[in-house]
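K.L.:
Let me give you the structure first, and then I'll get to my questions.
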Amino acid sequence: LLFLSETGGKDRRSGLILTIPLCLEQTSMDELSVTLDYLLSIPSEKCKARGFTVIVDGRKSQWNVVKTVVLMLQNVVPAEVSLVCVVKPDEFWDKKVTHFCFWKEKDRLGFEVILVSANKLTRYIEPCQLTEDFGGTLTYDHMDWLNKRLVFEKFTKESTSLLDELALINNGSDKGTQQERERSIDLNFLPSVDPETVLQTGHELLSELQQRRFNGSDGGVSWSPMDDELLAQPQVMKLLDSLREQYTRYQEVCRQRSKRTQLEEIQQKVMQVVNWLEGPGSEQLRTQWGIGDSIRASQALQQKHEEIESQHSEWFAVYVELNQQIAALLNAGDEEDLVELKALQQQLSDVCYRQASQLEFRQNLLQAALEFHSVAQDLSQQLDGLLGMLCVDVAPADGASIQQTLKLLEEKLKSVDLGLQGLREKGQSLLDQISNQASWAYGKDVTIENKENVDHIQGVMEDMQLRKQRCEDMVDVRRLKMLQMVQLFKCEEDAAQAVEWLSELLDALLKTHIRLGDDAQETKVLLEKHRKFVDVAQSTYDYGRQLLQATVVLCQSLRCTSRSSGDTLPRLNRVWKQFTVTSEERVHRLETAVAFHSSAEKILQECPEQPEAFNEMEQFDEIEAVGKSLLDRLTVPVVYPDGSEQYFGSPSDMASAAEHIREKMKLVSLKKQQLRQPEATAPES
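If you're matching positions, the sequence shown starts at 860 in this note's numbering and goes up one per residue.
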């Protein structure tokens, strides 16, 4: 082992003390020479000029080794060595061995060599400058010095190399053109060691050196200013200052490079988004122009569009992320990048918003097409239902069902009108959107595609209009037919009602028109009422006949046979004949009653003093004959053409009417007797 007196030990000339301990093992001269060269390179030139005192500790070595070391000093450091102290062992070497006298070779060696015992070494060097191995008091820890020296050497090597690298990087970033600067930075961008680690090592080393000096001054441990020269505290400080300066520049270069890299990455991503949107994305939209010819076709196009939107959404997400990154860089506010960043942001926003608008336009167009086809399908189904209803022959049971069917028909027609109006509105809205489609056609001529879409829409609307017109025409015919059927049913019902009324009049004539009157005047009133009653019956019969004639006309128009008029007319004629026969019988009885009452009242009212008025007894006989005839007629039923019979009123009613006639016949008979008595007494007188 070879030690430099890094403890600060000095000889009386203030020269540094170099200690060379030798051992029993074989010493390599080459290694010793290299070590001496290294140790002698540590002190400054000023220290070297004061010379060295070399202590060769030969107490554990052989004489020939010591001699070789001393001679080697002549070749390695003759100019710097002023004194060589060879510490001999307590048992001195054999005189045969030590016959070589170093003091006689002083001129040839260039320095003085003395043999001295360890306890006599203080004659040449102060004890305070010697370590305990040589009886001195100088405190020295060789391992501590070695560790610090290794740290220093490592720090010096790394920091020097790092300074060169940082200087190359920093100087490269200051080159003129952007291309040269980027090329230089790319080649030498990353240092071989971590600057932070090197700086931390330097600070720790400097702190150790400063702490040692501080402790040495306060703790009483001997310390010499030579430590600053041997351990190169100023070099550490200088290296740290240079490192901090270059590292600060390096950090700025890294920051600029990072910012440039980030800007380039953003620019690259922006161009990727723009190129995709203006390339494949726009191409996808260019190929999608149709609107479909049905609901299913429109839904398929919508599904395809959703797939396109899904692909665009991924790029729109990248756009949002890039926009946030650009906004963050703009807030950082580097003037040189503001224009470029704003241009990128504007370009990205314009392309994305334009593409998003086109996607939205396409989606709205497909939605409008789907709504149009949905309305068209609903309208077609309504027309099919209406047409099916019109194609079925009407076979209602009565007028009420016809009215209900007619109401349903009108409601369906109104629903079709509303559906067609809605279809026109949807179609016009869709045509308006298609007319705006050319505004973002990317220069592509979409006249053919738009013409096909327009022709399809207009064709659907025209077809629905024609179908609706045909249905309206059929509805008009069906409405007329149904109204005629309503009228037919009404006529049949009214005709049947007329028969009922006439039957009721006949029944009333038989059951209530019984009285013949108590006198001629009353009988004449009854006869006049009967004639009016007959007029009502005649009007009812005529009304029924007219209704039945109308049913015949309607049946001919409808090309159908009436279900009720076939038996209504015979019923009407039968009832009318019965009424006529009954009415004639009633008239005959009333006229007979008028004649009876008139003749009877005339005879009964004549004065008995005028017997000449009653000369002709035939009048009484005539009255009695009329009365008897009337009484006989009251007991006879009315015989209808079909052979059936019917009596006026009940037997009690007939008996009451006959009683009035008999009473009046009794009065006439009494009057006749009274007139006969004078005639009988006249001959006697």
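The beta carbon of each residue, even a glycine, is placed where N, CA and C say it ideally should be.
Taking just the CA atoms, how far does asparagine 1182 sit from isoleucine 1167?
P.N.:
Mapped onto the sequence shown, residue 1167 falls at position 308. Mapped onto the sequence shown, residue 1182 falls at position 323. Looking at the two C-alpha atoms, the distance is approximately 22 angstroms.
K.L.:
Is it true that the segment 1210–1229 meets the segment 1139–1155, where meeting means three or more beta-carbon pairs spaced less than 8 angstroms apart?
P.N.:
Contact holds: three or more Cβ-Cβ distances are below 8 angstroms.
K.L.:
Are the CB atoms of isoleucine 984 and aspartate 870 within a distance shorter than 7 angstroms?
P.N.:
Within the sequence shown, numbered from 1, the residue matching residue 870 stands at position 11. Within the sequence shown, numbered from 1, the residue matching residue 984 stands at position 125. Result yes, Cβ atoms of aspartate 870 and isoleucine 984 sit closer than 7 angstroms.
K.L.:
Does DSSP put proline 986 in a helix, in a strand, or in coil?
P.N.:
By 1-based counting over the sequence shown, the position of residue 986 is 127. Note: proline 986 maps to helix in three-state DSSP.
K.L.:
Which residues in the same chain have their Cβ closer than 8 angstroms to the Cβ of histidine 1315, if we skip the five residues on either side of it in sequence?
P.N.:
Your numbering for residue 1315 matches position 456 in the sequence shown. Excluding positions up to five away in sequence, the list reads Ile1150, Asp1152.
K.L.:
Could you name the residues that DSSP lists as bridge partners for glutamine 1505?
P.N.:
Start at 1 with the first residue of the sequence shown, and residue 1505 comes out as number 646. According to DSSP, glutamine 1505 bridges with Val1497.
K.L.:
According to DSSP, is glutamate 1547 part of a helix, a strand, or is it coil?
P.N.:
Residue coverage of the chain in this structure runs from 860 to 1544, which leaves residue 1547 outside it and unanswerable.
K.L.:
Starting from valine 943, follow its DSSP beta bridges and name the residues at the other end.
P.N.:
Numbered from 1 along the sequence shown, position 84 holds the residue referred to as residue 943. The partner list for valine 943 (beta bridge, DSSP) reads Val913, Val972.
K.L.:
Go through its chain and collect everything with a Cβ distance to glycine 813's Cβ below 8 angstroms, but skip five positions before and after it.
P.N.:
This structure cannot settle anything about residue 813, because the visible part of the chain is limited to 860 through 1544.
K.L.:
Please name the residue in Leu1049, Lys1013, Leu1407 whose C-alpha comes closest to that of glutamate 1063.
P.N.:
As a position in the sequence shown, residue 1063 is number 204, starting the count at 1. Out of Leu1049, Lys1013, Leu1407, Lys1013 has the C-alpha closest to the C-alpha of glutamate 1063.
K.L.:
Between leucine 1136 and glutamine 1236, is the Cβ-Cβ spacing less than 7 angstroms?
P.N.:
Residue mapping note: residue 1136 aligns to position 277 of the sequence shown, counting from 1. Residue mapping note: residue 1236 aligns to position 377 of the sequence shown, counting from 1. Not in contact: leucine 1136 and glutamine 1236 (Cβ atoms no closer than 7 angstroms).
K.L.:
Please name the residue, chosen from Glu1180, Ser1233, Glu1165, that lies closest to cysteine 1211 on a Cα-to-Cα basis.
P.N.:
On the sequence shown, residue 1211 is found 352 positions in, with the first residue counted as 1. Cα-wise, what sits closest to cysteine 1211 is Glu1180.
K.L.:
When DSSP labels each residue in this structure, what does proline 948 get in the three-state scheme?
P.N.:
For the purposes of this step, residue 948 is taken as residue 89 along the sequence shown, with counting starting at 1. In the structure shown, proline 948 sits in coil (DSSP, three-state: anything other than H, G, I, E or B).
K.L.:
Quick one: what does DSSP say isoleucine 1373 is sitting in, helix, strand or coil?
P.N.:
On the sequence shown, position 514 is the one that residue 1373 refers to. In this structure, isoleucine 1373 counts as coil in the three-state DSSP scheme.
K.L.:
Measuring alpha carbon to alpha carbon, tell me which of Phe1438, Thr1019, Gln1505 ends up nearest glutamate 1359.
P.N.:
Start at 1 with the first residue of the sequence shown, and residue 1359 comes out as number 500. It is Phe1438 whose Cα lies nearest to the Cα of glutamate 1359.
K.L.:
By Cβ distance below 7 angstroms, which residues in the same chain neighbour valine 1434 in space, the five residues on each side in sequence not counted?
P.N.:
Against the sequence shown, residue 1434 aligns to sequence position 575. Within the same chain, valine 1434 has close Cβ partners Val1358, Leu1361, Ser1362, Leu1365.
K.L.:
Expressed to the nearest angstrom, what Euclidean distance is found between the alpha-carbon atoms of serine 1239 and phenylalanine 1220?
P.N.:
Start at 1 with the first residue of the sequence shown, and residue 1239 comes out as number 380. Start at 1 with the first residue of the sequence shown, and residue 1220 comes out as number 361. Those two C-alpha atoms are separated by around 28 angstroms.
K.L.:
What is the rounded straight-line gap between the Cα of lysine 1310 and the Cα of aspartate 1243?
P.N.:
Residue 1310 sits at position 451 when you count from the first residue of the sequence shown. Residue 1243 sits at position 384 when you count from the first residue of the sequence shown. If I take the Cα positions, the gap works out to 29 angstroms.
K.L.:
For alanine 1459, does the count of other Cβ atoms within 10 angstroms reach 16, so buried, or fall short, so exposed?
P.N.:
Stepping through the sequence shown from its first residue, residue 1459 is reached at position 600. It counts as buried.
K.L.:
Could you tell me the boundaries of the alpha helix (DSSP H) in which proline 1093 lies?
P.N.:
To locate residue 1093, count along the sequence shown from 1; it is residue 234. It spans 1092–1135 - the alpha helix (DSSP H) in which proline 1093 sits, taken as one unbroken run.
K.L.:
Looking at glutamine 1217: is its Cβ nearer than 7 angstroms to the Cβ of leucine 1144?
P.N.:
Translated into positions along the sequence shown, residue 1217 becomes position 358. Translated into positions along the sequence shown, residue 1144 becomes position 285. Taking 7 angstroms as the Cβ cut-off, glutamine 1217 and leucine 1144 qualify as a contacting pair.
K.L.:
From the DSSP output, in three-state form, read off isoleucine 1150 for me.
P.N.:
Position 291 of the sequence shown, counted from the start, is the residue given in the question as residue 1150. Isoleucine 1150 falls in the coil class under three-state DSSP.
K.L.:
In three-state DSSP terms, what is isoleucine 879?
P.N.:
As a working note, residue 879 is residue 20 in the sequence shown. Note: isoleucine 879 maps to strand in three-state DSSP.
K.L.:
Tell me whether leucine 881 is buried or exposed, calling it buried when 16 or more other Cβ atoms sit within 10 Å of its Cβ.
P.N.:
Here residue 881 is taken as the residue at index 22 of the sequence shown, counted from 1. Under this definition leucine 881 is a buried residue.
K.L.:
Taking the C-alpha atoms as reference points, what is the distance between glutamine 1171 and isoleucine 1185?
P.N.:
For the purposes of this step, residue 1171 is taken as the residue at position 312 of the sequence shown. For the purposes of this step, residue 1185 is taken as the residue at position 326 of the sequence shown. A small fix is needed here, since residue 1171 is histidine in this sequence, not glutamine. So the two alpha carbons sit approximately 21 angstroms from each other.
K.L.:
In the DSSP output, which residue or residues are listed as bridge partners for leucine 997?
P.N.:
Against the sequence shown, residue 997 aligns to sequence position 138. In the DSSP output, where bridge partners are listed per residue, leucine 997 has Thr990.
K.L.:
Whole-angstrom Cβ separation of leucine 1386 and valine 1453, contact assumed at under 8 angstroms?
P.N.:
Counted from its first residue, the sequence shown places residue 1386 at position 527. Counted from its first residue, the sequence shown places residue 1453 at position 594. So it is a contact: roughly 7 angstroms between Cβ atoms.
K.L.:
Does serine 1421 come out as helix, strand or coil in the three-state DSSP assignment?
P.N.:
As a position in the sequence shown, residue 1421 is number 562, starting the count at 1. Unreliable placement is indicated for serine 1421, whose pLDDT of 49 sits below 50; no coordinate value is reported for it.
K.L.:
Starting from asparagine 978, follow the alpha helix (DSSP H) in both directions and report where the run begins and ends.
P.N.:
Here residue 978 is taken as the residue at index 119 of the sequence shown, counted from 1. Counting along the chain, asparagine 978 falls outside any alpha helix (DSSP H), and DSSP gives it neither H nor E.
K.L.:
Helix, strand or coil for glutamine 921, going by three-state DSSP, please let me know.
P.N.:
Counted from its first residue, the sequence shown places residue 921 at position 62. Coil, per DSSP.
K.L.:
Give me the Cα-Cα distance between threonine 1399 and phenylalanine 1392, rounded to the nearest whole angstrom.
P.N.:
Counting from one through the sequence shown, the residue named residue 1399 turns up at place 540. Counting from one through the sequence shown, the residue named residue 1392 turns up at place 533. When rounded, the distance between both Cα atoms is 11 angstroms.
K.L.:
Below 8 angstroms, can you find three or more Cβ-Cβ pairs linking the segment 1346–1357 to the segment 1262–1278?
P.N.:
Judged by Cβ distances under 8 angstroms, the segment 1346–1357 makes no contact with the segment 1262–1278, as fewer than three pairs qualify.
K.L.:
Please report the residue range of the alpha helix (DSSP H) in which glutamate 903 lies.
P.N.:
Here residue 903 corresponds to residue number 44 of the sequence shown, with the count starting at 1. Per the sequence shown, the amino acid found at residue 903 is serine instead of glutamate. Note, serine 903: premise wrong, no alpha helix (DSSP H); not H, not E.
K.L.:
Just curious, the alpha helix (DSSP H) that valine 1549 is in, first and last residue?
P.N.:
Any answer about residue 1549 is impossible in this case: the structure gives the chain only from 860 up to 1544.
K.L.:
Count the other C-beta atoms from every protein chain shown that fall within 10 angstroms of the C-beta of glutamine 1105, then say buried if there are 16 or more, exposed otherwise.
P.N.:
Within the sequence shown, residue 1105 is the residue found at index 246, counting from 1. So glutamine 1105 ends up on the buried side.
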